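Report on one structure; see the data block that follows.
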Amino acid sequence: TDASPVNGDRISLKVTNNANSCFKLDSASFIVKPLPVVSLINNSPSTPAVITLQTTSVLPQVAWSFNDNPLDTTHNWKERAKIIGSITSPYGIYADNNKEVYVTSATNQGIRRFDSESLAGAVLATTGTYTNVLRSGDSLFYAAPNSSAIVSSSLRVEGAYAITAGKNGAAGSADSLLNGPSKIAMDKKRNLFVMDRNNHRVQMFPKGVTKGITVAGGTGGGTNPDNLPLPDGMSIDDSANLYLITQSNFYKWPANGTAKTLYADVYGFSNEILSNNFRDPQGNHYILTTSGLPNTGTGIVKVSGANQHMMYVAGNKGQGDSLYQLNTPWGLGIDEVGNIMVGNGNHTIRMFTADSAKTRTVNNAGMYKIQATAYNGCVASDSIRIFSGTYTFHGTTSNDWSNAANWANNIVPPAIIPAGFKVVIDPLSGECLYNGNLTILVGAQLVVQLNKLLTVTGNLKIQ
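Just so you know, we're using this note's numbering here: the sequence shown kicks off at 891 and counts up by one.
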């Protein structure tokens, strides 16, 4: 970081010798902890406090201790990976909002649909080689590289197929033709974006139009910023910015731009070949990494949309066929709640469920510690102090909340009062002044004693 961090700042660190290392960095001005995040909810004395532990990696076991004495229970995480179906060479994956997952085959085995909860499956097509699929309304769209076309079908009318872009069996570089289209995406205006891989470009087809417009690349497969050499992954945001994967790295091509820029150095993070990417509704990106070799970091890297922080969220346990390993993964899809679907090289579709959480109710004030007992992920294990009672502020007209001395327990209140916290305002002189904006999350309690006045100089917001 270029500046001195302050409380609340996010600091990203990369472990270069071992991407799985857990670490904690302390200094006089800041503390850095690895994910997951441990949060404390402080309640009134009559209600036990609750510690919530959250993990973004598979963590089978976590142990708790109180005042350095081990607690009896060890919490096991529910398995976060399961197989939801199988198809030969699963390549294109799309998960809709109804828990249905559409999967295409890269080796002429057609299309399958699976229910991610019941695991029920249905055959939508018995033949066809497709590398990508997406759903829009009652239609499915497929990328058919061997046919140099984008195919659409109706979910309501069986057997209703149409060529949406390109010309079946006619590869070319003209505006209306495609050559090995491998990935597709659609913006909110229902414009269709096609990764025209062998032409080193991305073509945009407005709805109902068969002549494409080059929006990225198209200048060859070189190494210049305006080149797009054999792209392997594509996603799009609400502003029509493109996020593109080549086998070497992860780039952003701005809407109406003429060149790509490095978005995140994923190759430097994983040292593996990058093969696919997907963007979730929160703007985070998920990227498949694989070298096709055993005992490597084959897995899924999450790139934060906020700060491009990178971390493994699935796989990265060596290449193999166990539940938590990936074997030359091809397809990738994310549903609306963050569950990750992966088309594995062993012809299965694996689902890694979204970030899980464990809570522990504690009835006594003291020091609690959390420690991983079966390793696969990181967990904060430093002490967590649980306070009993409520926080009471004894303010005056001349002192605001930024003065910790006004607090009975010397805890400065946050600008955002989280759910579960109870803050009692008890101004000694009848008025309490808070300089700045104050946000109260639903579930929190802000209590001002009778006949007292709370003045907020900024915005008071409840959300």
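Don't be surprised by glycine CBs; every beta carbon is placed ideally from N, CA and C.
Predicted model only: the values in this text are computed from it and were never measured.
Residue i versus residue j - alpha carbon distance
i: Asn1217; j: Thr1151; result: 31 Å
i: Thr1188; j: Ser1194; result: 19 Å
i: Asn987; j: Asp1225; result: 7 Å
i: Asn875; j: Asp1086; result: Residue 875 lies beyond the range of the chain shown here (891 to 1353); nothing can be said about it.
i: Leu1067; j: Val1084; result: 11 Å
i: His1175; j: Tyr1051; result: 31 Å
i: Asn1036; j: Ala1055; result: 14 Å
i: Ser1008; j: Gly1000; result: 22 Å
i: Asn1299; j: Tyr1202; result: Annotation note: pLDDT 45 at Asn1299 (below 50); position unreliable, coordinate value reported separately. Distance between the alpha carbons of Asn1299 and Tyr1202 is about 39 Å.
i: Ala996; j: Asn1146; result: 32 Å
i: Gly1049; j: Gly1018; result: 13 Å
i: Asn1081; j: Gln1093; result: 10 Å
i: Gly982; j: Thr994; result: 5 Å
i: Ala1075; j: Asn959; result: 54 Å
i: Ala849; j: Phe1004; result: Residue 849 falls outside the range modelled here, since the chain spans only 891 to 1353, and no answer is possible.
i: Ile1190; j: Lys989; result: 21 Å
i: Gly1112; j: Ser1042; result: 32 Å
i: Ala876; j: Thr1180; result: Here the chain covers residues 891 to 1353 and nothing more, so residue 876 does not appear.
i: Tyr1020; j: Gly1158; result: 30 Å
i: Trp1143; j: Pro1119; result: 14 Å
i: Ile1040; j: Ile1053; result: 6 Å
i: Ser1211; j: Phe1140; result: The sequence shown places Asp at residue 1211, rather than the Ser named in the question. Distance between the alpha carbons of Asp1211 and Phe1140: 27 Å.
i: Ser1006; j: Asn1327; result: 43 Å
i: Phe1168; j: Ser1138; result: 17 Å
i: Lys1192; j: Asp1155; result: 12 Å
i: Val1227; j: Gly1098; result: 31 Å
i: Gln944; j: Gly1059; result: Residue confidence is low: Gln944 scores 46 on pLDDT, short of 50, so the model does not pin down where it sits. Its coordinate-derived value is still stated next. Whole-angstrom Cα-Cα distance: 50 Å.
i: Ile1126; j: Gly1173; result: 10 Å
i: Met1241; j: Leu1178; result: 14 Å
i: Arg1025; j: Val991; result: 10 Å
i: Leu1030; j: Ser1044; result: 6 Å
i: Tyr1133; j: Val1105; result: 12 Å
i: Leu1164; j: Tyr1153; result: 14 Å
i: Leu1350; j: Ile1330; result: 8 Å
i: His1199; j: Thr1243; result: 21 Å
i: Ile973; j: Asn998; result: 22 Å
i: Gly1123; j: Lys1079; result: 21 Å
Proximity below 7 Å, CB of residue i to CB of residue j
i: Ala1130; j: Asp1170; result: no
i: Ala1033; j: Pro1071; result: yes
i: Asp1128; j: Thr1148; result: no
i: Ile1239; j: Gly975; result: yes
i: Asn1022; j: Lys1057; result: no
i: Asn1069; j: Asn1089; result: yes
i: Tyr984; j: Gly1235; result: no
i: Gly868; j: Arg1091; result: Look at the range of the chain in this structure, 891 to 1353, and you will see that residue 868 is not part of it.
i: Trp1220; j: Gly1233; result: yes
i: Asp1028; j: Arg1046; result: yes
i: Thr1016; j: His1237; result: no
i: Pro1121; j: Thr1100; result: no
Buried/exposed call for residue i, threshold 16 Cβ in 10 Å
i: Asn1166; result: buried
i: Gln1209; result: buried
i: Glu1162; result: buried
i: Pro935; result: Only weak support exists for where Pro935 lies, its pLDDT of 37 falling under 50; the value from the coordinates is given anyway. Answer is exposed; the Cβ neighbour count stays below 16.
i: Ser947; result: Its pLDDT being 44, under 50, Ser947 is placed unreliably in this model, and the value from its coordinates should be taken loosely. Classification of Ser947: buried, given that the 10 Å Cβ count is 16 or more.
i: Val1013; result: exposed
i: Gly1102; result: buried
i: Phe1095; result: buried
i: Gln1215; result: buried
i: Ser1063; result: exposed
i: Ser1160; result: buried
i: Ser1038; result: buried
i: Ser1288; result: The predicted model places Ser1288 with a pLDDT of 48, which falls under 50 and marks its position as unreliable; any figure quoted below should be read in that light. Burial call: exposed.
Min CB distance residue i to chain C below 7 Å
i: Ser1037; result: Among the chains in the structure shown there is no chain C, since it carries only a single protein chain.
Cβ-heavy atom distance, residue i to the ligand NAD, below 6 Å
i: Tyr1133; result: In the structure shown, the ligand NAD is absent, as is every other ligand, since no ligand is present at all.
Beta strand (DSSP E) runs wholly inside the region 1166-1201, at least 3 long, in chain order | Taken in chain order, the complete beta strand (DSSP E) segments of 3 or more residues contained in the region 1166-1201 are 1175-1180, 1189-1193.
Could I get the ranges of all uninterrupted alpha helix (DSSP H) runs contained in the region 1074-1099, with 4 residues as the minimum, in chain order?
-> The region 1074-1099 contains no whole alpha helix (DSSP H) run of 4 or more residues.
Give, in chain order, every unbroken run of the beta strand (DSSP E) that is at least 3 residues long and sits entirely within the region 1206-1233.
-> Counting only runs of at least 3 residues, the region 1206-1233 fully encloses the following beta strand (DSSP E) elements, listed from N- to C-terminal order: 1221-1224, 1230-1233.
Tell me the start and end of each unbroken beta strand (DSSP E) in the region 991-1023 that is at least 3 residues and wholly inside, in chain order.
-> If only uninterrupted beta strand (DSSP E) runs of at least 3 residues are considered, those enclosed by the region 991-1023 are 1001-1005, 1011-1015.
What are the uninterrupted segments assigned as beta strand (DSSP E) that are 3 or more residues long and contained completely in the region 1126-1154, given in chain order?
-> As far as the region 1126-1154 is concerned, its whole beta strand (DSSP E) runs of at least 3 residues are 1132-1135, 1140-1143, 1151-1154.
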